[in-house]
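Chemist: Before anything else, here's the structure in question.
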């Protein structure tokens, strides 16, 4: 089955197909693998070798709990929630081992960031990129995860609320504080 | 090996299968049941608190309390306050565990639960179940301090001119009663309204205001007989009382 076919299916259809035909699950994995891989890496600076371990756990968990999928969410949102929980859990157990992996911060993100945080100082993108990496590595996880979901994974507030299981107002507050932290630490 | 292959291999090797949907349904229902239970406990507590506060003798308490602190201790229904606060806090936390509960912030959830408890609790009070619950707890929990013990705390203060007890014998100008501490008192009732005197009988509970005279003598200025029907359900047989008045039969001489 083509990945595009998987993407066109609704969450409910996916659940039915997976239960009826476990081999179909490989289509789901292939569809979401890269997105979740980059999300996990951005969230916790995990070494690339360990990302696959976490990813494997995520997909196993998703398979076992597929009947808990709620049609009120998009299937991708539900997967992201599992990925987030597994990643945070792994990170808490192995905090001290994490090294300084840099994030793939593109120019688009930097331009968005400049306008979002009203960064009025003149600073070139390369320097900004380096500063951003340092800032994000030091940022508390509760702010980092909303920054990653909003700026890197391009989720909206509702989706972030569903992934993190927090009210939308809380997501807004966390993002606001995260942006302020980014601005304070960059300047 | 691609990750999809690894995952499928592991699924086949460990013979993993999706958890039944009923398992998730049972968990969801459990969270809701727990929430509803806590909500009911909170509402019941509010109903009983209303009952206790409306039955409380505020003016008498103000007279006997030596300080604001003592005044608070006399009237605050501590047991129910602790219960209602605990129930509301736990209910708020439980609600957040329901499927979509996380979408609301804690302040909103707690406010709705508090208001809901007040509405349902008011119904509990007005329907008489506040009082019934207080009686039930008084009869069955030795540590419980409800309406009866509130009255006892206020009225068992002979030095301050307040006396409460069960009548043992009635004569034209005096009566004998035994108080909660199982001390016999001789009460002069010559100043009492004759109509009230006519209502007095053995085994009746009364409250008396007056003046202490000597060790176990009391001159009553007025007497309040407590309605017998309040204590009917506590009667084991004529002349015997159980529940809150159990202390009268403890360690018989």
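Residue numbers (my numbering), protein chains in the order written: chain A, 1 to 187; chain B, 1001 to 1253.
Where is the CB? At the ideal position from N, CA and C, for every residue including glycine.
Going by alpha carbons, who is nearest to residue 1195 of chain B out of B:1049, B:1212, B:1031 and B:1172?
Modeler: That would be B:1172, whose Cα lies nearest to the Cα of residue 1195 of chain B.
Chemist: Contact criterion: CB-CB distance below 9 Å. Does residue 1030 of chain B meet it with respect to chain A?
Modeler: No - not a single Cβ of chain A is within 9 Å of the one on residue 1030 of chain B.
Chemist: Determine the chain A residues that contact residue 1016 of chain B at a beta-carbon separation under 8 Å, and present them in chain order.
Modeler: Residues of chain A passing the Cβ test: 60, 63 and 64.
Chemist: Along the segment 4-38 of chain A, what residues have a CB closer than 9 Å to any CB found in chain B?
Modeler: Result list: 15, 18, 19, 22, 23, 25, 26, 27, 28, 29, 30, 33 and 37.
Chemist: Do residue 1133 of chain B and residue 1044 of chain B have their CB atoms nearer than 9 Å?
Modeler: Yes, Cβ-Cβ distance for residue 1133 of chain B and residue 1044 of chain B is below 9 Å.
Chemist: Could you give the distance in angstroms between the alpha-carbon of residue 1124 of chain B and the alpha-carbon of residue 1047 of chain B?
Modeler: Looking at the two C-alpha atoms, the distance is approximately 5 Å.
Chemist: Go ahead and label residue 1077 of chain B buried or exposed: buried means 16 or more other beta carbons lie within 10 angstroms of its beta carbon, across all protein chains shown.
Modeler: With 16 or more Cβ atoms within 10 Å of its Cβ, residue 1077 of chain B is classed as buried.
Chemist: Distance, Cα to Cα, residue 1153 of chain B vs residue 1074 of chain B?
Modeler: Rounded to the nearest angstrom, the two C-alpha atoms are 7 Å apart.
Chemist: Give me the chain B residues within the contact set of residue 169 of chain A, using Cβ-Cβ distance strictly less than 8 Å, ordered along the chain.
Modeler: Here the neighbours are 1105.
Chemist: Could one say the Cβ of residue 1233 of chain B lies closer than 9 Å to chain A's Cβ atoms, at least one of them?
Modeler: Reliability of the predicted coordinates at residue 1233 of chain B is poor, the pLDDT of 41 falling under 50, and no value is obtained from them.
Chemist: Since residue 1208 of chain B is in the beta strand (DSSP E), which residue starts that stretch and which ends it?
Modeler: 1205-1212 is the extent of the beta strand (DSSP E) around residue 1208 of chain B.
Chemist: In the structure shown, what three-state DSSP assignment does residue 1280 of chain B receive?
Modeler: Any answer about residue 1280 of chain B is impossible in this case: the structure gives chain B only from 1001 up to 1253.
Chemist: Give a yes or no on whether the C-beta atoms belonging to residue 1189 of chain B and residue 1220 of chain B are separated by under 9 Å.
Modeler: Yes, these two residues count as a Cβ contact at 9 Å.
Chemist: Just to make sure I have the definition right: I need the residues of chain B whose C-beta is within less than 7 Å of the C-beta of residue 67 of chain A. Which are they?
Modeler: Residues of chain B passing the Cβ test: 1018, 1019, 1020, 1021 and 1024.
Chemist: Strictly below 7 Å CB to CB, what residues from chain B border residue 166 of chain A?
Modeler: By Cβ distance, chain B contributes 1102.
Chemist: Which ranges does the alpha helix (DSSP H) cover as unbroken runs of at least 4 residues, wholly within the segment 1070-1146 of chain B, from first to last along the chain?
Modeler: Taking only runs of at least 4 residues, the alpha helix (DSSP H) segments lying wholly in the segment 1070-1146 of chain B are 1078-1097, 1106-1126 and 1129-1140.
Chemist: Can you pull out the residues from the segment 1004-1015 of chain B whose beta carbon lies closer than 7 Å to at least one beta carbon of chain A?
Modeler: Result list: 1004, 1006, 1007, 1008, 1010 and 1011.
Chemist: Considering only the alpha carbon of each residue, which of B:1214, B:1050, B:1176 and B:1201 lies closest to residue 1128 of chain B?
Modeler: Ranking the options by Cα distance to residue 1128 of chain B, first place goes to B:1050.
Chemist: Starting from residue 1066 of chain B and walking both ways along the beta strand (DSSP E), at which residues does that stretch end?
Modeler: Run containing residue 1066 of chain B: none; DSSP gives neither H nor E here.
Chemist: With a cut-off of 9 Å, does the C-beta of residue 124 of chain A fall near any C-beta of chain B?
Modeler: Not closer than 9 Å to any Cβ of chain B, the Cβ of residue 124 of chain A fails to qualify, so no.
Chemist: Indicate whether at least one CB of chain A lies closer than 9 Å to the CB of residue 1132 of chain B.
Modeler: Chain A, which has no Cβ nearer than 9 Å to the Cβ of residue 1132 of chain B, makes this no.
Chemist: On the CB-based measure, 16 or more other CB atoms within 10 Å of its CB, does residue 153 of chain A come out buried or exposed?
Modeler: Result: buried.
Chemist: Can you tell me whether residue 20 of chain A is buried or exposed? The criterion is at least 16 other CB atoms within 10 Å of its CB, across all chains shown.
Modeler: Under this definition residue 20 of chain A is an exposed residue.
Chemist: Taking DSSP as the reference, what is the three-state secondary structure of residue 1048 of chain B?
Modeler: Residue 1048 of chain B: helix per DSSP, three-state reduction.
Chemist: Going by DSSP, what residues sit across from residue 1224 of chain B in a beta bridge?
Modeler: Answer is B:1207.
Chemist: Using the beta-carbon of each residue, which ones in chain B are nearer than 7 Å to residue 70 of chain A?
Modeler: Neighbours of residue 70 of chain A on chain B, chain order: 1099.
Chemist: Can you give me the Cβ contacts of residue 1100 of chain B inside the same chain, cut-off strictly under 7 Å, excluding the 5 residues immediately before and after it?
Modeler: Correct list: empty, nothing qualifies.
Chemist: Taking the continuous beta strand (DSSP E) assigned at residue 1165 of chain B, which residues delimit it?
Modeler: First-last of the beta strand (DSSP E) with residue 1165 of chain B: 1162-1170.
Chemist: Given a cut-off of 9 Å on the beta-carbon distance, is the pair residue 43 of chain A and residue 148 of chain A in contact?
Modeler: In this structure, residue 148 of chain A lies closer than 9 Å to residue 43 of chain A by Cβ.
Chemist: According to the neighbour-count rule (16 or more other Cβ atoms, all chains shown, within 10 Å of its Cβ), is residue 1108 of chain B buried or exposed?
Modeler: Looking at its Cβ environment, which holds fewer than 16 other Cβ atoms inside 10 Å, residue 1108 of chain B is exposed.
Chemist: Can you find a C-beta in chain B that's less than 9 Å from the C-beta of residue 52 of chain A?
Modeler: Yes - at least one Cβ of chain B is within 9 Å of the one on residue 52 of chain A.
Chemist: Which residues in the same chain have their Cβ closer than 7 Å to the Cβ of residue 36 of chain A, if we skip the five residues on either side of it in sequence?
Modeler: Closer than 7 Å at Cβ, skipping near neighbours: 55, 58, 79 and 83.
Chemist: When you compare the CB of residue 137 of chain A with every CB in chain B, is at least one pair closer than 9 Å?
Modeler: Chain B, which has no Cβ nearer than 9 Å to the Cβ of residue 137 of chain A, makes this no.
Chemist: Would you grab the beta carbon distance between residue 1260 of chain B and residue 67 of chain A for me? Rounded to a whole angstrom, and I think it's under 8 Å.
Modeler: There is no way to answer for residue 1260 of chain B, as the model of chain B reaches only from 1001 to 1253.
Chemist: Write down the C-beta distance between residue 168 of chain A and residue 146 of chain A rounded to the nearest angstrom, noting that I regard them as a contact closer than 8 Å.
Modeler: That pair is no contact at about 12 Å.
Chemist: Look at residue 165 of chain A and residue 1144 of chain B and say whether their C-beta atoms are less than 9 Å apart.
Modeler: Their beta carbons are not under 9 Å apart, which means residue 165 of chain A does not touch residue 1144 of chain B by this criterion.
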